Amino acid sequence: MASSSTDAFAERPAKLQKVNALRRKLPHLTASALSEVCKVLRDEGVPELTQRKHIAEAAWQPLKESRILNRLSLLQTDGAELQIPSVDFWALLQAAISDADSNFAQYFWACIDKNPPSPSSAWRLILYTDEIVPGNPLAVQTKRKIWACYASFVELGSYALQHEESWLCIGLLRSSLMAKAEAGVSQWISKILRDIFMRPANHLEHGCISLQRPGGPPVLFRVVLSMIVQDGGAHKALWSCKGDAGTRMCMLCRNVIAQRCDILHSSGLPVVGSSEIRESKLSLATDQSIHEAMAKLAEKKMLLNAADFSTWQQATGWTYNSCSLLQQEDQRWLVRPVSQYCHDSMHTLLVSGVFQTVTWLVLEALQKQFPNLWEIADEYVAKWTLPRNISAKAEGMLGQSRAKACKEAETFKCTASEGLTLSPILACFFRQLARANANVEAVQAIQCFLQLDKLVACCQRARSEGAVSPGQMRKHVSDFLQAVHAAEWQDRMHSKFHWLLHFGSHLEKWGFMVQCYTHERKHRTIKRFAEDIKKTSAYEQGLLREVLGQELYCLARADCFAAMLQLQDPKPASRRKAAALRRIIPELTSAQVIHVAEKVRLPSGERICRGDAVLLEGNGCLECALVWAFVELAGQAYSVVHSISSLHLR
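According to our numbering, the residues represented by the sequence shown are 1 to 650, in order.
Structure follows, in structure tokens:
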């Protein structure tokens with residue numbers, strides 16, 4: 001026995017040298033990537049076809065078989081036609097739901113059985129568009145910037161929509177090409193919608209499209225365009241509204257007039273907003289009123305000279321282009337701008353948004369009474385232990401470098417994920433300061449932040465259908481905006497404060513709010529391939545090939561569509577842990593194989609890790625506990641927790 005151990009130890013340097021030689025002779029691969037490649041080759045063997053041309057042919061094969069890729073034509077500003085590759089949405093959807101063993105296909109057909117599409121109950125299509133910056137976003141020239149369009153359905157459910165696998169990529173186009181097209185994004189989306197809904201063979205204004213169920217009869221599928229969710233810049237590009245640059249800054253309101261704020265944009269230009277905080281005082285636009293405004297705009301284009309027409313556009317808040325989405329008369333049955341418009345709460349609150357503005361104002365107000373506020377806050381935040389699935393550390397989140405950057409920018413600089421992490425921690429910190437003989441100004445500032453924290457938490461809950469009512473959302477928005485006025489910060493309310501007034505109506509329409517954290521995660525797949533493609537003459541085509549191939553592969557194997565707890569990377573329990581679990585759960589026998597994991601995925605998509613603190617609700621009290629283990633027994637996941645204390649609910 002000792003001899004064999006000695007021989008194995010002696011052979012180890014030679015084995016390591018062989019691994020290192022393999023890595024050095026290959027093109028660059030991370031250690032993790034090379035490890036995974038070696039595991040697959042060890043378990044599945046070397047493929048018969050290994051040349052580069054075979055790899056490219058294999059990537060094209062599923063797209064060619066399903067005829068997923070086609071072409072669209074865009075009118076350029078110079079009058080020429082620009083031919084671009086595009087995605088056949090119905091072919092892509094059919095390819096995704098044709099495999100009876102595919103997890104996504106099984107989930108999709110289960111949703112069809114639960115909510116059968118019919119003329120009176122059509123499925124509701126959601127679109128999302130955004131601009132992505134692969135590579136270095138701070139480069140002098142970002143030539144690979146690209147617009148992406150994703151699609152999904154409301155009927156898949158709010159839980160499924162929180163997973164990037166539920167969103168199909170139906171279009172990619174470089175920003176440099178988009179800039180050459182008349183009306184840019186607006187014309188592009190108009191052509192995509194025309195391809196989905198208005199084909200000569202399948203016009204869906206009054207018709208249906210046939211989807212083939214695997215092993216079953218075809219299903220007549222009725223669909224309508226229900227929601228277009230975007231950030232502010234994408235909304236402006238799509239709807240051809242002027243947004244902050246117009247006298248009417250909100251296309252959903254007819255009586256909101258922009259006013260300058262006492263803050264500057266990163267460009268140095270003043271930011272505009274509205275100090276109106278009562279939804280009841282808004283005169284809301286309708287689909288009909290906007291279509292009439294578009295017709296009037298086209299009429300004025302013909303009648304007015306250039307200077308007068310520019311003034312008209314400024315006053316009305318619209319930009320005219322004959323190729324824009326809202327100028328297509330034959331698409332008016334399909335496009336309902338007010339009914340389909342949806343703000344994204346993530347960009348509204350946490351991306352250069354309301355959270356950053358208010359947090360800076362609160363810190364600025366408190367520092368007058370507490371000169372060493374940043375140092376105290378940094379020490380306080382560093383004491384917190386964050387959930388283990390958050391890679392960031394609390395320590396240093398409010399350090400000297402962050403304080404310096406915030407003071408120079410005169411706003412609180414943080415990412416959306418950092419803002420979500422810091423919001424409840426800062427709320428606890430500010431509550432303690434309020435008890436430390438804070439003056440009236442400081443208390444009002446703290447109350448404003450506490451209302452903001454409640455609003456952020458409310459928007460997070462609103463991702464799940466039925467978790468938040470429109471009335472609850474409106475109350476949180478109203479309480480927060482009133483607190484902003486009480487703190488006398490009306491002149492710092494930029495346009496994103498106004499967007500909050502529409503959140504209640506969004507909940508009334510759809511029952512939940514789509515948040516773009518999901519799409520930001522999905523962007524990673526596009527960035528991953530976009531950085532490596534060098535052939536720019538066929539850039540979009542090559543990128544779509546890789547993205548759609550990866551998408552179809554992941555859809556078939558995605559484990560996120562089961563509405564249950566799911567262990568992440570489960571492994572057989574060690575003998576020591578298995579013995580401990582059998583003492584805790586007497587029903588376990590020595591013959592049963594016990595699988596454990598460090599993480600578990602909730603149906604909402606959130607993850608809990610071993611060692612995290614959790615709250616358990618029951619018998620009128622909240623019980624605090626630490627997660628000791630995640631266990632899988634007979635295909636069912638369980639959490640084993642250690643109780644700490646109980647807090648009675650009031």
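Cβ atoms here follow ideal geometry from the backbone N, Cα and C, with glycine treated the same way.
All values reported here derive from a predicted model rather than from experimental measurement.
- In the structure shown, the three-state DSSP call for residue 355 is helix.
- Here the alpha carbons of residue 421 and residue 117 stand approximately 40 Å from one another.
- Considering only 492, 478, 627 and 527, the residue with the shortest C-alpha distance to residue 278 is 478.
- When only Cα atoms are considered, residue 186 and residue 594 end up about 55 Å apart.
- Between residue 228 and residue 334, the CB-CB gap reaches or exceeds 8 Å.
- Runs of the alpha helix (DSSP H) lying entirely within the stretch 368 to 410, each at least 4 residues long, are 373 to 382 and 400 to 409 in chain order.
- Take residue 403, set aside five residues on each side of it, and the residues of its chain with a beta-carbon closer than 6 Å to its own are 374, in chain order.
- Distance check between residue 609 and each of 596, 620 and 618 places 596 closest, using alpha-carbon atoms only.
- In terms of Cβ geometry, residue 462 and residue 507 form a close pair [threshold 8 Å].
- Judged by DSSP secondary structure, residue 340 falls within the alpha helix (DSSP H) whose first and last residues are 337 to 340.
- The beta carbon of residue 350 lies closer than 6 Å to those of 416 and 419 in the same chain, with the five residues before and after it left out.
- Minimum Cα-Cα distance from residue 400 among the listed residues 59, 376 and 515 corresponds to 376.
- Annotation: residue 492 is outside any beta strand (DSSP E) and is labelled neither H nor E by DSSP.
- Minimum Cα-Cα distance from residue 145 among the listed residues 428, 536, 50 and 17 corresponds to 536.
- For the options 37, 11, 13 and 12, the alpha carbon positioned closest to that of residue 23 is the one of 37.
- Of the residues 547, 105, 574 and 630, the one whose Cα lies closest to the Cα of residue 566 is 630.
- DSSP places residue 322 in the coil class of the three-state scheme, outside both helix and strand.
- Boundaries of the beta strand (DSSP E) harbouring residue 599: 599 to 601, taken from the DSSP string.
- For residue 625, the three-state secondary structure derived from DSSP is strand.
- Between residue 382 and residue 392, the C-beta gap is not smaller than 8 Å, which leaves the two residues out of contact.
- C-alpha of residue 601 to C-alpha of residue 571: approximately 15 Å in a straight line.
- With a cutoff of 8 Å on beta-carbon distance, residue 498 and residue 256 are scored as near each other.
- Non-local beta-carbon contacts of residue 445 in its own chain, meaning distances under 6 Å to residues more than five positions away in sequence, involve 362, 365 and 487 in chain order.
- Excluding sequence positions up to five before and after residue 97, its CB lies within less than 6 Å of the CB of 105 and 108, all in the same chain and listed in chain order.
- In the DSSP assignment, the residues bridged to residue 70 are 86.
- Contact annotation: the stretch 160 to 170 touches the stretch 514 to 522, with at least three C-beta pairs closer than 8 Å.
- Under the 8 Å Cβ criterion, the stretch 545 to 558 counts as touching the stretch 84 to 104, having at least three qualifying pairs.
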